[in-house]
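Chemist:
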Amino acid sequence: MDSRHPLRQPGLADFLKIALLGAIWGSAFLAIKLSVHETGPLWLVMIRVAVAFVPIALFTLWRRDSLPPDGREWLIIILMSLLNTVGPFFLISWAELYIPAGVTSLIMGAGPLATLVAAHFTTPDDRFTGNKLAGMLLGLAGLMLVVGPGISQGLGFDALAYGAVWLGMLCYVAAGSMIRLVRKTSVAMMTSVNMGVGILTLTPMLLLAGEPLAPMSFTGAMAALYLGLVCTGLAYLLRAHITLSVGQTYMSMASYVMPLSGVLLAWAILGEPVTWHIVAALACVLGGFALAKRGSSSSH
714 MDSRHPLRQP GLADFLKIAL LGAIWGSAFL AIKLSVHETG PLWLVMIRVA
764 VAFVPIALFT LWRRDSLPPD GREWLIIILM SLLNTVGPFF LISWAELYIP
814 AGVTSLIMGA GPLATLVAAH FTTPDDRFTG NKLAGMLLGL AGLMLVVGPG
864 ISQGLGFDAL AYGAVWLGML CYVAAGSMIR LVRKTSVAMM TSVNMGVGIL
914 TLTPMLLLAG EPLAPMSFTG AMAALYLGLV CTGLAYLLRA HITLSVGQTY
964 MSMASYVMPL SGVLLAWAIL GEPVTWHIVA ALACVLGGFA LAKRGSSSSH
C-alpha cells in the first residue's frame, strides 16, 4: 500500500516521545474516574472533543493550514474520527463506570499485539520481525506483573464493560492503521477535522438523550479539561506524529507505559509504595523497547 510518509529508524528521542504518550494515556484513566460519574459518558466525550478542538482549530487557522483537498481524504478522516474518537471515548468512559481503571489499562495494553498484526498487513514498511514480536511480548509480561496481583485478589466481572473496552481498543487499532493513508492534510488539520466531526456526531446524540449537563465539582471539571487538552488534543497530535515518523507498531508500544504511569502517579501524588512488581515491570518495558529498537536497526 502506497504511503506519502516513509518511515525512518526510531532513535532515542522517538522512544522518549512514545514513553510520554503512554504516560499521558495512563493519566487519562484517572481523569475519567474523577469526572465520568458527574458528567456521564456521553457528556464527558463531548467535553473532551470540544476542549481539544478549540486550540487545535485556532492553531490551524493561525498557520493557515489547508482543509483536506478531496473526498478521499475527508472520508478517511471521518472514519478515523468515528473509530478513534467518538467510539472508543464513549466505550471506555462507560466501562469505567463499572470496572477498575487497572483492568481497563490491562485490556488496552493488549493493543500493541493487535497493532503489530494490523500494521504488518496494511503497510509496506512496518512489518513485524522476531525482535519486534519479542519486545511486544516482554512488554506484555511487564503489564501482567503490574496488574496481576490485583487480579489475583479477585475482581468483579462485568462482561459488557470488559467487552466495551476490548471494542474500544480494536477501534484504536483500526484508526491507527489509517493515519498514514492521509497524504495531503497536515497533522494539525487532520486532528482539527477529526475533533470537529466528533462534535457534529455527538450533538444530535446528546439532543436525543435529552439529559442536561449537571453542575460539576472543581475536581471533576479540571479532570474533564485535562482530558480534553492533554489526553485528547496533545495526545492525538503526538500519536499522529510518531505514527508518521516511525510507524504504528512502535507508536502502539506506548500502551505498555499506560499502567506504569498510573502506578507512578499514585506513588508520587498519593504516596503508594513502589513494589518489586513495578520495578520488574519497568525493566520488562525497557527491555521490550530495546528489543524492538534492535529489530528496527536490523530491518533498515
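The sequence shown lines up with residues 714 to 1013 when you count with the working numbering. Glycine included, every Cβ here is placed at the ideal spot set by N, Cα and C. Being a predicted model, the structure only gives us computed values, none of them experimental.
(1) Among V762, R776, I812 and T988, whose alpha-carbon lies nearest the alpha-carbon of A948?
(2) Apply the 10 Å Cβ neighbour rule to D715 and answer buried if 16 or more other Cβ atoms are within range, or exposed otherwise.
(3) Give the straight-line distance between the Cα atoms of C944 and T916, rounded to the nearest whole angstrom.
(4) State the Cα-Cα distance for the pair S794 and L858, rounded to the nearest angstrom.
(5) Spell out a yes or no on whether the region 924-938 and the region 722-729 are touching, meaning 3 or more CB-CB pairs, one atom from each, closer than 8 Å.
(6) I'd like the list of long-range same chain contacts for H1013, defined as Cβ closer than 7 Å, with 5 residues on each side in sequence excluded.
(7) Exposed or buried, T932, counting other C-beta atoms within 10 Å across all chains shown (16 or more means buried)?
(8) Could you check whether I769 and E956 sit closer than 8 Å to each other, using their CB atoms as the reference points?
(9) Measuring CB to CB, does L973 end up less than 8 Å from A994?
(10) I believe D909 touches F766 by the beta-carbon criterion, under 8 Å. Please report the beta-carbon distance rounded to the nearest angstrom.
(11) Identify which residue in A981, K845, L942 and L883 has its Cα closest to the Cα of M966.
(12) Please check the pair L851 and G735, which I expect to be a contact at CB under 8 Å, by giving their CB distance rounded to whole angstroms.
Modeler: Reading off the structure:
(1) Indexing the sequence shown from 1 puts residue 948 at position 235. Nearest in C-alpha terms to A948, of all of V762, R776, I812 and T988, is V762.
(2) In the sequence shown, counting from the first residue as 1, residue 715 sits at position 2. The pLDDT assigned to D715 is 41, lower than 50, so where the model puts this residue is not dependable, and the model offers no usable value.
(3) For this step, residue 944 is matched to residue 231 along the sequence shown. For this step, residue 916 is matched to residue 203 along the sequence shown. Taking the straight line joining both Cα atoms gives about 21 Å.
(4) Reading the sequence shown from its first residue, position 81 is the one you call residue 794. Reading the sequence shown from its first residue, position 145 is the one you call residue 858. For S794 and L858, the distance between alpha carbons rounds to 33 Å.
(5) no
(6) Taking the sequence shown and counting its residues from 1, the one referred to as residue 1013 is at position 300. Any reading at H1013 must be qualified, since the residue scores a pLDDT of 48, below 50, and its modelled position is unreliable; the value itself is stated next. Closer than 7 Å at the Cβ level, and outside the excluded window around H1013, lie Q722.
(7) Start at 1 with the first residue of the sequence shown, and residue 932 comes out as number 219. Exposed: under 16 other Cβ atoms inside 10 Å.
(8) As a working note, residue 956 is residue 243 in the sequence shown. As a working note, residue 769 is residue 56 in the sequence shown. Looking at the sequence shown, residue 956 is not Glu but Thr. For T956 and I769, no; Cβs fall outside 8 Å.
(9) Stepping through the sequence shown from its first residue, residue 973 is reached at position 260. Stepping through the sequence shown from its first residue, residue 994 is reached at position 281. Yes; because the gap between Cβ atoms is below 8 Å, this pair is in contact.
(10) Within the sequence shown, the letter at position 196 stands for residue 909. Within the sequence shown, the letter at position 53 stands for residue 766. At residue 909 the sequence reads Gly, which differs from the Asp that was named. About 6 Å separates the two Cβ atoms, so the contact holds.
(11) Here residue 966 is taken as the residue at index 253 of the sequence shown, counted from 1. Nearest in C-alpha terms to M966, of all of A981, K845, L942 and L883, is K845.
(12) The residue given as residue 851 occupies position 138 in the sequence shown. The residue given as residue 735 occupies position 22 in the sequence shown. Between G735 and L851 the Cβ distance is about 15 Å, and since that is not below 8 Å, they are no contact.
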